[in-house]
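Novice:
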Amino acid sequence: AIRGYMMAVWADLELTPAQGRLLQYLDPKRPVPMSELADVHCCDASNITGLVDKLEARGLIERAASPTDRRVKMIAVTRAGVALRSTLLDRIGQPPPFIASLSATEQETLRDLLLKATQNVDPGHQPSNGSIDAHRREH
Numbered sequence: 833a834i835r836g837y838m839m840a841v842w843a844d845l846e847l848t849p850a851q852g853r854l855l856q857y858l859d860p861k862r863p864v865p866m867s868e869l870a871d872v873h874c875c876d877a878s879n880i881t882g883l884v885d886k887l888e889a890r891g892l893i894e895r896a897a898s899p900t901d902r903r904v905k906m907i908a909v910t911r912a913g914v915a916l917r918s919t920l921l922d923r924i925g926q927p928p929p930f931i932a933s934l935s936a937t938e939q940e941t942l943r944d945l946l947l948k949a950t951q952n953v954d955p956g957h958q959p960s961n962g963s964i965d966a967h968r969r970e971h
């Protein structure tokens with residue numbers, strides 16, 4: 833459900849999911865090297881080049897040489913990019929319809945339960961489906 837909601841938001845703004853995530857990551861106050869974008873998005877630099885090309889063609893970001901190393905390309909958000917990014921962040925900051933349909937009390941309860949459930953999660957540990965299935969059989 834969340835994926836569908838995000839896909840719809842990105843599509844409404846004429847962004848692909850990868851473009852939307854890249855624009856979300858960029859801080860308008862801090863240009864970043866393309867290599868950082870590749871690292872953060874866990875992809876090859878050539879993939880970032882394609883994303884940057886498309887966002888640059890729309891006037892949302894711009895490339896500039898690093899002030900300390902001309903070989904390094906820095907990516908900065910343009911005014912148009914800041915405006916679209918703001919709209920994007922506003923939209924994804926709103927609860928999706930399936931959450932918004934809950935009462936305020938239900939939303940608070942859900943929030944509290946999710947916070948409690950994720951407090952002690954080890955990010956490196958993913959339970960197998962087998963452990964979930966075993967739990968269901970026991971109960």
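Numbering of the sequence shown is given in the working numbering, commencing with residue 833 and proceeding in unit increments. In this text, a Cβ means the ideal position worked out from N, Cα and C, and glycines have one as well.
Using beta-carbon positions only, say whether I893 and L858 come within less than 8 Å of one another.
Specialist: For the purposes of this step, residue 893 is taken as the residue at position 61 of the sequence shown. For the purposes of this step, residue 858 is taken as the residue at position 26 of the sequence shown. Cβ distance < 8 Å, so I893 and L858 count as in contact.
Novice: According to DSSP, is K905 part of a helix, a strand, or is it coil?
Specialist: In the sequence shown, the residue the question calls residue 905 occupies position 73. In this structure, K905 counts as strand in the three-state DSSP scheme.
Novice: Taking Cβ positions, are G805 and L855 nearer each other than 8 Å?
Specialist: Nothing in the structure corresponds to residue 805, since the chain is present only between 833 and 971.
Novice: If you draw a straight line from the alpha carbon of S933 to that of T900, how long is it in whole angstroms?
Specialist: Taking the first residue of the sequence shown as 1, we reach residue 933 at position 101. Taking the first residue of the sequence shown as 1, we reach residue 900 at position 68. Whole-angstrom Cα-Cα distance: 51 Å.
Novice: Quick check: the stretch 865 to 876 against the stretch 911 to 927, are at least 3 beta-carbon pairs closer than 8 Å?
Specialist: no
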